[in-house]
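**Student:** According to the UniProt record's numbering, the sequence shown is numbered sequentially starting from 1. Even glycine gets a Cβ: it sits at the ideal position worked out from N, Cα and C. Take this structure first; my questions come after.
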Amino acid sequence: MSQDSIPGSPHRSIVQKCVGALTWGVLIVATVVAIIPNSLSTLYGLTSQSALDNADSAARRAARGETVTQTVPCRSTPLRIAPEAGLQDVVSSDDVATVLCQALPLWHPPSVPSVYHSLKLWGPESDFTEAMVGDLATSGNEWLKIVTNDAACRELTVPVGDSYLLDSPYGIRVVLAGTADAVEYRAEAHYGQLLMLLGEAGVPSTFPVVTESGKEGTVEDVYRDAVLRFSLAHEPEFMACALAYWHAPKKTWRNRLGEEYSFDDVIGTLLDRPFGEGSCGGCHAPYSVVVILRVDEEHGLLSPAMRKRAEDWLRTLCDRLEARQSESGAWGADWGETGMMWRDEVLDRITVTGHHLEWIALAPKHLRPSREAIARAVVSLRSDVEALQPLPYRSFKTLLPVSHAARALALCRGEDPYEAWVAYWNDGRIEKTPRGYRIGSPTD
């Protein structure tokens with residue numbers, strides 16, 4: 001008989017201790033296994049283990065190249081946000097027409113960024129005929145085709161770049177600048193930029209979209225892909241607007257991993273940033289905040305606490321703009337905490353002043369700078385735009401900030417940019433000069 005079996009043997013107590021420890025170990029492991037799913041649910045914002053399983057299943061199907069048919073609510077028609085009244089007498093029709101003349105779509109062939117900005121400014125119904133712009137004739141319909149059809153994008157934009165619209169397990173993916181798929185400018189510059197653009201152009205979610213492979217889908221497929229890939233790690237300003245325009249009246253959504261997000265999350269991320277952080281000198285952030293606040297008025301996207309925080313943030317911003325406005329009335333790169341954008345003080349002033357006037361035109365009256373400050377900014381903006389080099393000597397990048405400036409002034413007057421410019425054209429007040437187009441005196 002071994003000593004381990006002898007009653008009272010010291011070896012027996014050792015065995016008992018080992019068995020006890022093993023039992024407790026099994027219990028601990030079982031408990032951890034039971035707790036982990038709930039912990040993951042909390043971590044990823046999931047409401048149940050089933051939701052986690054579904055998210056994992058969707059991710060696995062996507063990894064295998066299978067189509068993921070996860071439902072993402074999408075409006076058939078995007079919400080439109082009209083400019084707030086009260087600024088018509090701060091901006092004259094001549095101010096609008098003068099700046100519009102410097103934002104004409106005269107680049108041929110265009111780049112994808114210039115097409116985006118032209119469509120945003122002039123709209124899908126615009127039509128610049130040969131009588132207006134000679135052999136540079138183009139239209140909003142052509143731009144819309146370029147941004148929603150990969151073959152058209154390749155054919156009609158500058159011959160530099162690769163694919164623009166790709167098949168995705170979640171729908172249709174737009175190539176994003178700065179990623180492995182992007183080549184040169186044939187891409188959207190910001191995550192969600194195309195969806196924001198189409199929303200502001202009033203394009204329905206059923207509008208056809210064609211990928212590189214020839215796969216036919218719709219704008220809704222682009223939206224589904226963007227929502228399922230959503231993360232706050234992406235630049236949020238453009239997708240924030242896209243969600244406000246396209247998302248069915250709900251406060252939350254889930255991405256492909258099952259992570260839940262809300263408009264509180266998105267706007268909170270923007271409010272946490274220092275002023276001036278982000279693209280275009282950080283001027284897209286207040287635009288996104290105003291868009292969400294305007295939609296929240298009708299559809300209740302935000303919690304009361306977050307809405308108050310956003311309004312307080314805008315009031316602080318208005319005070320800052322008043323304090324940092326230059327003697328000329330412009331705002332420059334020093335409005336925030338970042339440096340110059342274009343290495344050109346005039347273009348920086350046009351960029352910052354134009355972008356700020358865009359959101360100011362949409363903001364409620366109590367969340368704007370003073371009328372005096374706005375009026376001074378308008379005068380300075382027109383002066384800076386008129387001082388630009390003649391069109392043949394500019395980089396196409398000049399079009400980008402000038403298009404925002406022109407749109408801002410049109411919004412302040414509550415006018416459609418194309419209709420405003422055509423009215424001057426039909427009145428014989430648009431002249432072509434060595435410096436480009438400008439407005440003249442009315443014809444008899």
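Could you tell me which of G134, S92, L100 sits nearest to L399, measuring between CA atoms?
**Tutor:** Among G134, S92, L100, the Cα nearest to that of L399 belongs to L100.
**Student:** Counting only the same chain and skipping the five closest in sequence on each side, list residues whose C-beta sits under 7 Å from that of E337.
**Tutor:** Counting only Cβ-Cβ distances below 7 Å, and skipping sequence neighbours, we find P274, F275, G276, E277.
**Student:** Measuring alpha carbon to alpha carbon, tell me which of E322, A131, V346, R343 ends up nearest W335.
**Tutor:** Of the listed residues, the one whose Cα sits closest to W335 is E322.
**Student:** How would you label Q389, buried or exposed, when you count the other beta carbons within 10 angstroms and need 16 or more for buried?
**Tutor:** Exposed: under 16 other Cβ atoms inside 10 Å.
**Student:** Can you look up F263 in the DSSP assignment and give me helix, strand or coil?
**Tutor:** In the structure shown, F263 sits in a helix (DSSP, three-state: H, G or I).
**Student:** Report yes if the CB atom of P236 is closer than 9 Å to the CB atom of T269, and no otherwise.
**Tutor:** Yes. Within cutoff.
**Student:** Which residue marks the beginning of the beta strand (DSSP E) containing W107, and which one marks its end?
**Tutor:** Counting along the chain, W107 falls outside any beta strand (DSSP E), and DSSP gives it neither H nor E.
**Student:** Count the other C-beta atoms from every protein chain shown that fall within 10 angstroms of the C-beta of D296, then say buried if there are 16 or more, exposed otherwise.
**Tutor:** Burial call: buried.
**Student:** Figure out for me which residue from I81, T138, Y223, E345 has the closest Cα to the Cα of W107.
**Tutor:** Measuring from the Cα of W107, the nearest candidate turns out to be T138.
**Student:** Residues bridged to Y191 by DSSP?
**Tutor:** Note: Y191 sits in no beta bridge, so no partner.
**Student:** Checking the sheet assignment: what are the DSSP bridge partners for T138?
**Tutor:** Looking at the DSSP assignment, T138 forms a beta bridge with F128.
**Student:** Measuring straight from C-alpha to C-alpha, what distance separates P169 and A242?
**Tutor:** Rounded to the nearest angstrom, the two C-alpha atoms are 21 Å apart.
**Student:** Under 6 Å Cβ to Cβ from R368, same chain only, skipping five residues before and after it: list those, please.
**Tutor:** Correct list, in chain order: I360.
**Student:** Hey, quick one: how far does the alpha helix (DSSP H) through R309 stretch, first residue to last?
**Tutor:** Element bounds for R309: 304–324.
**Student:** With a threshold of 7 Å on Cβ separation, who are the neighbours of N141 within its own chain once the five nearest residues in sequence on each side are excluded?
**Tutor:** Excluding sequence neighbours, N141 sits near P124.
**Student:** Tell me the residue span of the beta strand (DSSP E) that contains P208.
**Tutor:** From DSSP, the beta strand (DSSP E) with P208 extends over 208–210.
**Student:** Please list the terminal residues of the continuous beta strand (DSSP E) segment that includes V174.
**Tutor:** Run containing V174: 171–174, per the beta strand (DSSP E) assignment.
**Student:** If you run the structure through DSSP and keep just helix, strand and coil, what is Y437?
**Tutor:** Looking at Y437 - three-state DSSP - the assignment turns out to be strand.
**Student:** How many angstroms separate the CA atom of R414 from the CA atom of S92?
**Tutor:** The sequence given here places Gly at residue 414; Arg does not occur at that position. About 11 Å.
**Student:** Do you know how far the Cα of H117 is from the Cα of D416?
**Tutor:** Taking the straight line joining both Cα atoms gives about 15 Å.
**Student:** Pull up the distance between the alpha-carbon of E216 and that of P105, whole angstroms please.
**Tutor:** C-alpha separation (whole angstroms): 29 Å.
**Student:** Give the DSSP-derived three-state secondary structure of D221 in the structure shown.
**Tutor:** Three-state DSSP puts D221 in a helix.
**Student:** Got a sec? Which residues, its chain only, sit under 7 Å from D344 by beta carbon, not counting five neighbours each side?
**Tutor:** For D344, where only same-chain residues beyond five positions count, there are no Cβ hits under 7 Å.
**Student:** Terminal residues of the continuous alpha helix (DSSP H) containing D384?
**Tutor:** 371–386 is the span of the alpha helix (DSSP H), which, as asked, contains D384.
**Student:** Out of T218, E184, G214, A180, which has the shortest C-alpha to C-alpha gap to L194?
**Tutor:** Among T218, E184, G214, A180, the Cα nearest to that of L194 belongs to T218.
**Student:** Give the single residue among L197, G161, G192, L198 whose Cα lies nearest to the Cα of A180.
**Tutor:** With distances taken between Cα atoms, A180 lies closest to G161.
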